[in-house]
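Residue numbers (mature numbering (1 follows the signal peptide of the UniProt record, and there is no 0)): -28 to -1, 1 to 378.
See structure below.
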Amino acid sequence: MATDNDLVLVARHLAAALCLLGFAACQAITGLDEFSISSTASAPDPGAPEACQPGWHACDGTCTDLSGDPLHCGACGSACGTGEICVDAQCTCPSHRPRCAGGCVDLRTDPQHCGACEHDCSGQTCADALCAPELLMTGLGTLRALAVTHGALFWTEASPGRVSSIPSSGGARTDHATSPAPHALAVEGDTLCWTDSVAAEIVALDLTSGVTSVLATNQPSAYALALAGGFAYWTTYEVGEVLRIPRSGGPLEHIASSQVGAFGLAVGDHHVYWVNQDGGAILRSPLDGDALPEPIATECPAPRAIAVDESHVYWIDNVGIMRHDTLAGGPLVPLTEPPVSPHSFVLGGAYLYSTDEDGTIRRIPTAGGEPLSLAVDQALPSAIALDATHVYWHNAGDGTLMRVAR
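The following block contains the structure:
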């Protein structure tokens, strides 16, 4: 038969086991003043809720859903950044505020990311995803071409016949030369050149000295011009020739003849490229003309402007803006789709910048992709030019010069 001491010993062992299992009423079970036992179990947080529903967790004394709480996203204390939301325990940006430069931004109003990430408005406001355009000048006549260099915006004006400039940020006009009908315009280094379709001349202006000189005569209907490698290149639309001449002086060189409406012109590292507007063709020839012209594309509907980079040639025709790989060949690639109808364009880095008959100035990725509207509701934008920060254009409908951050 068990003695009283045996029963006390059993009770003590039972109480110890219950304490180790988490029961708090050890004294009540034993009833013995001398009985004590230590435990490593931590005391409950007095601020914690009694219990959280399944799938929720106690963070800072509050039950929270770690899959959707931006203060505790995926784990207690893991807060999302400014403007971020928590989705499926991951911090992300709302659909209308994409991530740019490490944060969520509103492309409709952010002047550092206006319409697209990294599109900075250069000090202007951003509204409706458009940087505010700047009015540079009013009251212009028939403007033919634009060029930006030496901190100034130059243009040719057929009526009245003059070559003029203003500071690229706007200001007083300077007239550099008068001419019967100046047309195409190009710049390289300290030399500005233009063609005159009535005087049939190619003229150069030294921007340092202000001295003008005639490079070539008897060049009627010279509507396109490019400067590269110390030469001036141009086409004659009615005569159908592609020519060049050293800017320092020398004999005239014929690159191609018997072309059908030679018009737009661009110069690459090894070839000169041009469009035959009436013949519907894109062609190229070595810079010195020491080979027959090589067709790049045919049956193009009324091609006009053309540009070239290290690996591609781009042009405008009645379909839109087209691209062709000059190294690998292959099919033509349209970079725009109707109803986009570009008038002129200029190449700058990874983008083409165009004026359109619908009154829009666009930035078009050369690799393909969605164009970005830079300005809208312009009055028949035509000639276009580019510098490091802005795109410039002429509105033929109201005689204004404008610019906007590129």
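Idealized CB from N, CA, C, for every residue including glycine.
Computed from a predicted model, the values in this text were never measured in an experiment.
Exercise for the section: Would you please state the rounded distance, in angstroms, between the beta carbons of Gly123 and Ser140? I believe it to be under 8 angstroms. Expected result: 6 angstroms
Practice task
Using three-state DSSP, classify Val280 as helix, strand or coil.
Solution key: strand
Exercise for the section: Give the secondary structure of Gly95 by DSSP, where H, G and I count as helix, E and B as strand, and everything else as coil. Expected result: coil
Practice task
Locate the beta strand (DSSP E) running through Glu173, then write down its first and last residues.
Solution key: Glu173 to Asp178
Practice task
Could you tell me which of Ala269, Gly87 and Pro275 sits nearest to Ala104, measuring between CA atoms?
Solution key: Gly87
Problem - For Asp328, the residue or residues it bridges with in DSSP - result: Pro314
Practice task
Measure the C-alpha to C-alpha separation of Asp260 and Ser229 and round it to an integer number of angstroms.
Solution key: 13 angstroms
Practice task
Grab me the residues of Ala368's own chain with a C-beta within less than 6 angstroms of its C-beta, minus the 5 sequence neighbours each way, in chain order.
Solution key: Leu352 and Ser354
Exercise for the section: Below 8 angstroms on the Cβ atoms is my guess for Pro128 versus Ala144; work out the distance and round it to an integer in Å. Expected result: According to the sequence shown, residue 128 is Thr rather than Pro. Not a contact, Cβ separation roughly 19 angstroms.
Handout entry: Exposure label - Pro273; buried when at least 16 CB within 10 Å
Key = exposed
Problem - Cα-Cα separation, Pro267 to Pro223 - result: 27 angstroms
Exercise for the section: Look up Gln25 in the DSSP assignment and say whether it is helix, strand or coil. Expected result: coil
Handout entry: Nonlocal neighbours in the same chain, by C-beta distance under 6 angstroms from Thr332, ignoring five residues either side
Key = Ser345 and Val348
Practice task
Measure from the alpha carbon of Pro42 to the alpha carbon of each residue in Gly27, Pro26, Cys24 and Cys65, then state which is nearest.
Solution key: Cys65
Handout entry: the stretch 196 to 208 touching the stretch 178 to 186, judged by at least three CB pairs closer than 8 angstroms
Key = no
Problem - Bridge partner(s) assigned by DSSP for Leu118 - result: Trp127
Exercise for the section: Buried or exposed for Glu210, please, with buried defined as at least 16 other CB atoms from any protein chain shown within 10 angstroms of its CB. Expected result: exposed
Handout entry: Tyr245: first and last residue of the uninterrupted beta strand (DSSP E) it sits in
Key = His243 to Asn248
Handout entry: 8 angstroms CB neighbourhood of Ala322 in its chain, flanking five on each side removed
Key = Pro337, Thr338 and Ala339
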